[in-house]
Every structure is written in structure tokens, then in C-alpha cells.
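Enquirer: Numbering (the numbering used here), first residue to last: 5 to 803.
We treat Cβ as the ideally placed atom computed from N, Cα and C, and that holds for glycine.
Nothing here was measured: the structure is a model prediction, and the numbers come from that model.
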Amino acid sequence: MPTQAGQLEMLEALEKKVLWLSSWMIHHANHVRPKSGGIKVGGHQASSASLATLMTALYFDVLRPADRVAVKPHASPVFHAIQYLLGNQSRDKLETFRGFGGAQSYPSRTKDADDVDFSTGSVGLGVAMTSFASMVQDYVRLKGWSKRQRPEGRMIALVGDAELDEGNIYEALMEGWKHDLRNTWWVIDYNRQSLDAVAHEDLYGQFDKLFRSMGWEVVTIKYGHLLEAAFREPGGEALRAWIDSCPNQLYSALTFQGGGAWRKRLLDDLGDQGAVTSLIESRSDDELGRLMTNLGGHDLTAVLEAFHSVDHDRPVCFIAYTVKGYGLPLAGHKDNHAGLMTPEQMETFRASLGIREGREWEPFEAMPLPPQDIAAFLRAVPFNAEGRRRFEAARVAVPAALPVPSGDVMSTQEGFGKILNEIAREKSPLAERIVTTSPDVTVSTNLGPWVNRRGIFAREPQADTFRDQQVPSAQKWVMGPDGQHLELGIAEMNLFLLLSALGLSHSLFGERLLPIGTLYDPFIMRGLDALNYACYQDARFILVATPSGVTLAPEGGAHQSVSTPLIGLAQDGLASFEPAFVDELSTILAWAFDYLQRDGEGSAAGPWLRDEKGGSVYLRLSTRPLEQPRRSIDAALAADIINGAYWLRQPGPNCQVVIAYQGVVAEEAIAAAGLIAEDRRDVGVLAVTSADRLSAGWHAAERARQEGDAQARSHIEALLAPLDRDAGLVTVLDGHPTTLSWLGGVRGHRVQALGVEHFGQTGTIEDLYAHHRIDTAAIVAAANAASAGRPIRYLRAVI
Ligand SMILES: Cc1ncc(C[n+]2csc(CCOP(=O)(O)OP(=O)(O)O)c2C)c(N)n1
Ligand SMILES: [Mg+2]
């Protein structure tokens, strides 16, 4: 509670200022800044107003530097206004709100300059992110890495009430319950309005039951001090009963209409009931309007009391009653979500606050307190005491090469399990900082050996009952604070949100982690928005997706993935690979552990990839055993594998056809090349390990040349340079053909693009490869079509 004299007055003045600045920021962007392109700028004055009080209380009083906050996306202007007052945001950025380089529409870790903790935008994700961040905070603390224990922070989400319609929230609640979640606060901005509509009645009752059932404490902030005082007056209980039974729609409509409408309705309903009539009659219209909208979420005293009442680390849900558009003429109107105050309304608002024209951005303008006192208060705000709250963490040393498991025939998935098992044996910084996680597919994605050696993370040690009972099992799941695997329930959204939190640990908590998440490739789509969200925040992780494609064959048509190579190609922040052989995988993994940790600015040097900036990595693996090449990978080959392709079979001088394959169809590509070679000796086989990096390099080289760098040449251009223009390309993968068909555009070669365009049919690999025309016969047929010369006869029946 604000104990110092005048502190409440100061906070109230700041609350008004924050409401003004957020409204003005949006108004300025829409009405003052020159318009361009005939498209509205937008912004959410009503949604911002709804949170102005709660955020004032949090940022100027309750929060400490270790706390981390996910702000409701459309309250971004409130956040930026607060950071402006705290000296962490420039006026220039506010003036260009929603413009190029300006303060972002929704708080952004990567694009905003004012220390956003968690990006938000796609509703629900930032909320759930806080609970995973809390788990990561526990994880790194219990490892005892840091000599200086930093104070524990609270992971706080400011949640729109309609945001709670998003299913991922409930998946996260369940997961939090399983992991004994702590230090997490969700503050629900219960304005009973969504974008389109006024909310269903009595939602708070559902929220209340639900959160309690998940082990959360629920604190309801319903009435402000004016209403509480009125309830104590004669007739007050009748007023409370009326409010408690008033439908949301009516409350909103009366709020919009104001004092006169409140009076009429209240007198109609309660007019002849003695004391309550005089309670109503004793107030002017303005006073009555103020009283009836004095909900807890707009009453600093009530809000501060609620926040400060928490004296434990269990998760808390605050249900704060608010008014969407509070303090603005938009208040309560059901269509106010994207509503903007008119210039006339804004003018009236400005005049009512006493802000002089031309001084709208002045931080202390018209504040009813001496500027030096305000400045002194802001300098002493606890949240701001340590400046920018992002940490740096030293890089974890990564060996130049990782072991290549021996074995003549192996799948990439098996190889992955074996490589991790080898790492798990060591006592190395790399082994210590790897943390794995999987949504209930730990065993089936071959993480089992790693988990057997490294254990499962739990805050408290837990017995392995099967082992204690001496029941033989291949899985030794020892659980405790030393464990390095976080076992999740099946929800893939949770996987990506946890990877987001683990992958930002260096910045959020100052401890570097090297997170690896495994899942079945098709289920990437289930969590795609959360994956995109993780990348948007620049979280760093390795995603191992296996099995994949139609190659998982008898496992079921429903589990086939067709479009994931295109997702890998298109997803910003994610470097995607699909190795065919285990030595390639080992090379890529060694690089990936380093790539995760890079944080350079990025330059036009090298093959124009984001190699200096770093990022996350997606590995599309398979359960199909393939014969492994007998070779050792030298530096040049390793570089080619990382850059996306190498010649498995160099094209000869008279090459008429090249087979470019990605992933497990290597076997078919090599077999087809062998058959074709009988007639066309110079056939080349291009092993593509990353269509993503190849294409990124190509586009960047084109851009460089457009800008005048005539020497620019990408990896794929260099590889295809020796080929005659008349040579044909056959591209093939177990995935959508567009992943590789663009190769024809690089130097103008004709392309026959093979791949999978339909899914759902089960069968053997042979059945399905024939069905989808990615088998040896199809490759030979495509080679005939792609190149001149006598057709090579090769019928499927021959196989
Ligand atoms: C995943 C997703 N779907 C839809 C939207 C569009 N959208 C933005 S805000 C909003 C309604 C939010 O209502 P609420 O959470 O109650 O916030 P309020 O504006 O009432 O404070 C919607 C549907 C979005 N941002 N993200
Ligand atoms: Mg709402």
C-alpha cells in the first residue's frame, strides 16, 4: 500500500497522465500525422483506458525489476506511455506509434525499444507464456549456476477477458497445475466486452471456479471505494443487489449514456424503496455516473490493496472489474473496440485535463503536483531502479564436431537419439546447458536415452516407482531438480510456448539454455501460431520433428506431413534442415548449438544468411533406415551441408540431367541416378540439406546484385554454375514439390518437380512412394521428361 503521504495523489495524477498519453498517441497517429495510403491507422483507446489504472498501480508501485509482464496487446499505448514517463521511451517513437520504426501496435520484444518483456499480439499466447517463463525461472534457479542469486520475479499477464476464450490458456493452466506453478499472476481486465460484443453473463463465476480448480488463488476486485462507501449508507445493500444482478449489456449501455440514464433506470427499478431512493437522489448526475462506474479496476486504492495483499508465491488470478473506455466518451459502448474519439471529443478531453495546445506530449503538463516532486517520484520508482532489465549470458562452448554414431543402416531419428546419448555421457558445458522437452512423445522421438542419463526436471525429487518395484523398463525416469528434461502433456501449443520461454532464458534470467523440443512433424501445424510467436520474440531453440512426410507410412495417413517443408522455408527466424544421413545431422547439430547463441547484427558478408544474427533451427527427421555413406566430413563438405546443398555426385561436363533431392528420398534419387547413368553418364545428384538456407541465400544474392554488387553469388548459384543451360533438373522430396521446384529459377533450368501433394493414404513406403510418384521409377520418368536423348526404360514392376 502507498504509505507515504501524497503517494496516492501522485499515482492518481500519473493514472490520468497515462490515460491522456495513450489516448493522444492513438489520436495523433490517426488524426494529426499525415495520412497515407488510404488505410486507417487504428489503435484501441477504449481497451487502453480499461487498463490505465491497473497498469499505473503495477508499473509505478507494485512491480520490481525482476518481474516480467505480458501486456494485453491492445493496451500497448499504455505501456509505451508509462515507459515514456519513466524515461525509457522517446517522444519520437510515440509520435510514430504504429508507423515505420515507431512504437509498436502491440508490445514487441524485438521491435520496441522500451524493454518489453513478452511480445503479445495473438491473444492468449502472451498470457500462457508467463506460466512457462515461471517454470524456466525455477529451472535455472534450482540448477544453482548463478553465484549471486537474483531475486525471484513474478511472471505477470494482463489479460483481456475475451482473451480467456483462447484454448491455449486452458492447456497452459493444466500444465501449470501439473508442474506446481509458482510466482505467476494473471490480472483479468474484466470489462465484460470483447471485440464484437458484450460478454456472456456471469463469466467471472466460471473463471473463479476454473482457476481455483487449478490451484490458483482468485482475488476479485469488484468495487471501488466510492461504491463501498455507498453500500454502507442506508439503502446501500439494495444498490449492491441491483448492481450484482444487472445484466452486462445494460450496465454497459448505462455507462455509455451517463448520469441521467443511470438515475432514470435506478429510480425506475428502486425508486420507491425508501433509503436507496435518497441515496440516489442525494447525488448529481455527474456524481451518480462516477459512483456507478467506480468499479474496482479503476480504483487505485482497491487495486493496490489487492496486489499488496498477496504474501505467498502461489499463482494468483485477479478478476478486476473495469469499464472499456473508462474516463472517455467511448466508455461502455458495445462498438467501442476500434472506436476512436472524434477530434471534437479529444479537444474536450484535452481541455478538461487542462493540457495546453501544443504541449500534448509534455510529460508533466497540467499535472497537479510540482514537477520536481513528480520527477523525484519517477526516479524512485522501484520497477525502474535497475534500468533496462534484459540480461546477457556468456556463450556455452560447443565442440566443432559432434560424434557420428556408427552403423551401416540408420534413420535420422535413431541417429539423433544416439548423438544426444553421446553428449549425455559427457560432463561438458554443452551437456549441462541442453534442456529437452516433448509433448508426450519423448520416447517415440528417441529422446529416451538422453532422459535416462540426464533425468526429468521436477522442483522436488520424486521416486521412480517402477524402478523401486523392480519392474524392468527401458525408461529410467529419475525426477528432481537436477533433471534436464521437461515432460509436457500432449498440447503442442505448450511445447512452443515452453520453447519460447526456455529460448529466452539468457535474456530473461541471465542463464543460457540450449533447448531442444521434439514432436511429430505433422503436429507443428497444431502449434504453428505459438511457433511463429516464439520466433517473433527471437527465442532460441532446436525443434526436432520426427517422423515426417508420407515416409512414416504404416503409422497412418492422418499423421503424414506435406506442407511442413514449406513452413520451414517460410518461417522467419527458423533455419530449416532435412538431412538424409546421420553424418549430415551431426554436422548440422554441432552448428545449430552455436547458431542458437549468436547475436550479431548480421551483415551482407558470406552467403547472405542470418549467420551472424543467429536464430532457431528446425530439423525434419525420419524413422526410415537408410544405408549410411562411408565418408568423413571435411570442413568444405560441412560448410556445404550447412549452406544447404552439396554434390553427392558431381555432374560431368556433358550433364543433361541433375537429380536434386532433399531428405529420405536420397535412396530413390541415388538408385535413379545409377539407372540413368547407363545412358547419360554425366548425371549429377545434388543433395539438398536445407531448401530454406539455399533459397534465403539466393534471394539475398539477387538483392545484392540489384543494389549493384555484381560479385554477389549465392551457394546454389555457385553449385549450379557449371551446368549447361539445357540440362534438366528433377527435384524430389517427401513433401510439397514447391519446396525445391524454385531451383529451376536460379539459372533458368527446366524442372520436373516431384513431391507429395495429397495425403491420408496409408501403406508401405514402396506403395506410397509409387502412389505419390516420388519413387525411383517416377524419378527416372521425370529425368526422361527433363532431358533430351533416348528415353530410359524403367518400369515400376522391375523394383
Ligand atoms: C488469436 C487472435 N485472434 C483474434 C484477434 C483479434 N482481436 C484483438 S483484441 C480482440 C478482442 C479482445 O477482447 P478482450 O480480450 O476482452 O480485450 P478488451 O479490448 O475488451 O480489453 C480480438 C478478437 C487477435 N488479436 N488474436
Ligand atoms: Mg474485454
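Exposed or buried, what is Pro319 when buried is set at 16 or more other beta-carbons lying within 10 Å of its beta-carbon?
Expert: Within the sequence shown, the letter at position 315 stands for residue 319. Pro319 is buried by the Cβ-count criterion.
Enquirer: If you reduce the DSSP assignment to three classes, tell me which class Leu67 lands in.
Expert: Residue numbering aside, residue 67 sits at position 63 when the sequence shown is read from its first letter. The answer is coil: DSSP assigns Leu67 none of H, G, I, E or B.
Enquirer: Candidates His341, His510, Leu556: which alpha carbon is nearest Thr416's?
Expert: In the sequence shown, the residue the question calls residue 416 occupies position 412. Nearest of His341, His510, Leu556 to Thr416, Cα basis: Leu556.
Enquirer: At the level of alpha carbons, what is the spacing between Thr305 and Leu231?
Expert: One-based indexing of the sequence shown puts residue 305 at position 301. One-based indexing of the sequence shown puts residue 231 at position 227. So the alpha carbons of these two residues sit roughly 12 Å apart.
Enquirer: Would you check whether ligand 1 has a heavy atom nearer than 7 Å to the C-beta of Asn187?
Expert: Walking along the sequence shown from the start, residue 187 turns up at place 183. Checking the Cβ of Asn187 against ligand 1 gives no.
Enquirer: So, is Ala234 buried or exposed, given that buried needs 16 or more other C-beta atoms within 10 angstroms?
Expert: Start at 1 with the first residue of the sequence shown, and residue 234 comes out as number 230. Buried.
Enquirer: Can you name, in chain order, every residue of its own chain whose Cβ lies under 6 Å from the Cβ of Pro407, other than the five neighbours on each side?
Expert: Position 403 of the sequence shown, counted from the first residue, corresponds to residue 407. Close CB contacts of Pro407 within its chain, under the 6 Å cut and outside five residues either way in sequence, are with Glu426 (chain order).
Enquirer: Taking its Cβ as the centre, do 16 or more other Cβ atoms sit within 10 Å of Val36, making it buried, or is it exposed?
Expert: Within the sequence shown, residue 36 is the residue found at index 32, counting from 1. It is exposed - the Cβ of Val36 has fewer than 16 other Cβ atoms within 10 Å.
Enquirer: Using the beta-carbon count (16 or more within 10 Å), is Pro372 buried or exposed?
Expert: Reading the sequence shown from its first residue, position 368 is the one you call residue 372. It is exposed - the Cβ of Pro372 has fewer than 16 other Cβ atoms within 10 Å.
Enquirer: When burial is assigned at 16 or more other CB atoms within 10 Å of the CB, is Glu205 buried or exposed?
Expert: In the sequence shown, the residue the question calls residue 205 occupies position 201. So Glu205 counts as exposed.
Enquirer: Restricting to runs no shorter than 3 residues, where is the beta strand (DSSP E) found entirely within the region 668-748?
Expert: 688-692, 732-737
Enquirer: When you compare each of Ala664, Leu502, Trp702, His753 to Ala176 by their alpha carbons, which one comes out closest?
Expert: Along the sequence shown, read from residue 1 onward, the residue named residue 176 stands at position 172. For Ala176, the nearest C-alpha among the options comes from Leu502.
Enquirer: Comparing C-alpha positions only, which one of Ala691, Ser694, Ser718 sits nearest to His703?
Expert: On the sequence shown, residue 703 is found 699 positions in, with the first residue counted as 1. For the options Ala691, Ser694, Ser718, the alpha carbon positioned closest to that of His703 is the one of Ser718.
Enquirer: Could you give the C-beta distance for Val307 and Thr57, rounded to a whole number, given that I count them as a contact under 8 Å?
Expert: Taking the sequence shown and counting its residues from 1, one reaches residue 307 at position 303. Taking the sequence shown and counting its residues from 1, one reaches residue 57 at position 53. At roughly 6 Å, the Cβ-Cβ gap stays under 8 Å, so Val307 and Thr57 are in contact.
Enquirer: At a cut-off of 7 Å, would you count Ala161 as near ligand 2, judging by its Cβ distance to the nearest heavy atom?
Expert: On the sequence shown, position 157 is the one that residue 161 refers to. The answer is no for Ala161.
Enquirer: Grab the span of the alpha helix (DSSP H) containing Phe215 for me, first residue to last.
Expert: Against the sequence shown, residue 215 aligns to sequence position 211. Run containing Phe215: 207-217, per the alpha helix (DSSP H) assignment.
Enquirer: Find out if the Cβ-Cβ distance for the pair Trp190, Arg158 is shorter than 8 Å.
Expert: Here the question's residue 190 lines up with position 186 in the sequence shown. Here the question's residue 158 lines up with position 154 in the sequence shown. Not in contact: Trp190 and Arg158 (Cβ atoms no closer than 8 Å).
Enquirer: On the CB-based measure, 16 or more other CB atoms within 10 Å of its CB, does Ile803 come out buried or exposed?
Expert: Taking the sequence shown and counting its residues from 1, one reaches residue 803 at position 799. Per-residue confidence for Ile803 stands at a pLDDT of 41, beneath the threshold of 50, marking its modelled position as unreliable; the derived number appears in the next sentence. By the 10 Å Cβ count, Ile803 comes out exposed.
Enquirer: Looking at the structure shown, is Val140 part of a helix, part of a strand, or coil, going by DSSP?
Expert: Locating residue 140 in the sequence shown gives position 136, counting from the first residue. Reduced to three states, the DSSP call for Val140 is helix.
Enquirer: Suppose the cutoff is 8 Å on Cβ atoms and the five residues either side in sequence are ignored; what does the same chain contact list for Arg186 look like?
Expert: Position 182 of the sequence shown holds residue 186. If we look at Arg186 and ignore the five residues flanking it on each side, its Cβ neighbours are Ser138, Asp142, Asp317, Arg318, Pro319.
Enquirer: Quick check: does the Cβ of Val314 come within less than 7 Å of any heavy atom belonging to ligand 1?
Expert: Against the sequence shown, residue 314 aligns to sequence position 310. The answer is no for Val314.
Enquirer: For Ile173, which of Phe461, Ile592, Glu496 has the nearest alpha-carbon?
Expert: For the purposes of this step, residue 173 is taken as residue 169 along the sequence shown, with counting starting at 1. Looking at the Cα atoms, Glu496 is the closest of the given residues.
Enquirer: What are the start and end residues of the alpha helix (DSSP H) that includes Pro375?
Expert: Mapped onto the sequence shown, residue 375 falls at position 371. First-last of the alpha helix (DSSP H) with Pro375: 375-383.
Enquirer: Cutting at 6 Å between CB atoms, please list the residues of its own chain near Leu589, excluding the five before and the five after it.
Expert: As a first step, residue 589 must be located in the sequence shown, where it is residue number 585. Here the set comprises Thr416, Gly419, Pro583.
Enquirer: Could you give the first and the last residue of the continuous alpha helix (DSSP H) run that contains Cys539?
Expert: Indexing the sequence shown from 1 puts residue 539 at position 535. From DSSP, the alpha helix (DSSP H) with Cys539 extends over 532-540.
Enquirer: Between Arg777, Val750, Gly767, which has its C-alpha nearest Leu758's C-alpha?
Expert: By 1-based counting over the sequence shown, the position of residue 758 is 754. Ranked by Cα distance from Leu758, the options Arg777, Val750, Gly767 are led by Arg777.
Enquirer: Should Ser288 go down as buried or exposed, given a rule of 16 or more other Cβ atoms within 10 Å for buried?
Expert: Counted from its first residue, the sequence shown places residue 288 at position 284. That one is exposed.
Enquirer: Using the Cβ count rule (16 or more neighbours within 10 Å means buried), how would you classify Lys182?
Expert: As a first step, residue 182 is located in the sequence shown; it is residue number 178 there, counting from the start. Under this definition Lys182 is an exposed residue.
Enquirer: What is the C-beta distance between Asp165 and Arg196, in whole angstroms, given that I count them as a contact (C-beta under 8 Å)?
Expert: As a first step, residue 165 must be located in the sequence shown, where it is residue number 161. As a first step, residue 196 must be located in the sequence shown, where it is residue number 192. Indeed they touch by this definition, with Cβ atoms about 6 Å apart.
Enquirer: Which residue wins for smallest C-alpha separation from Gln666, given the options Asp533, Leu737, Glu366?
Expert: The residue you call residue 666 lines up with position 662 of the sequence shown. Ranking the options by Cα distance to Gln666, first place goes to Leu737.
Enquirer: Helix, strand or coil for His489, going by three-state DSSP, please let me know.
Expert: As a working note, residue 489 is residue 485 in the sequence shown. DSSP places His489 in strand when its eight states are reduced to three.
Enquirer: Here's the rule: buried if 16 or more other CB atoms are within 10 angstroms of the residue's CB, otherwise exposed. What is Leu517?
Expert: Along the sequence shown, one-based indexing puts residue 517 at 513. The residue in question, Leu517, is buried, as its Cβ has 16 or more Cβ neighbours within 10 Å.
Enquirer: Rounded to whole angstroms, what's the CA-CA distance from Trp24 to Leu89? Just pull it up for me.
Expert: Against the sequence shown, residue 24 aligns to sequence position 20. Against the sequence shown, residue 89 aligns to sequence position 85. The straight-line gap from Cα to Cα measures roughly 12 Å.
Enquirer: With distances taken Cα to Cα, identify the nearest neighbour of Glu13 among Ile30, Ser40, Leu733, Pro374.
Expert: For the purposes of this step, residue 13 is taken as the residue at position 9 of the sequence shown. Considering only alpha carbons, the answer is Pro374.
Enquirer: For Thr806, does the three-state DSSP call read helix, strand or coil?
Expert: This structure leaves residue 806 out entirely; the chain is present only between 5 and 803.
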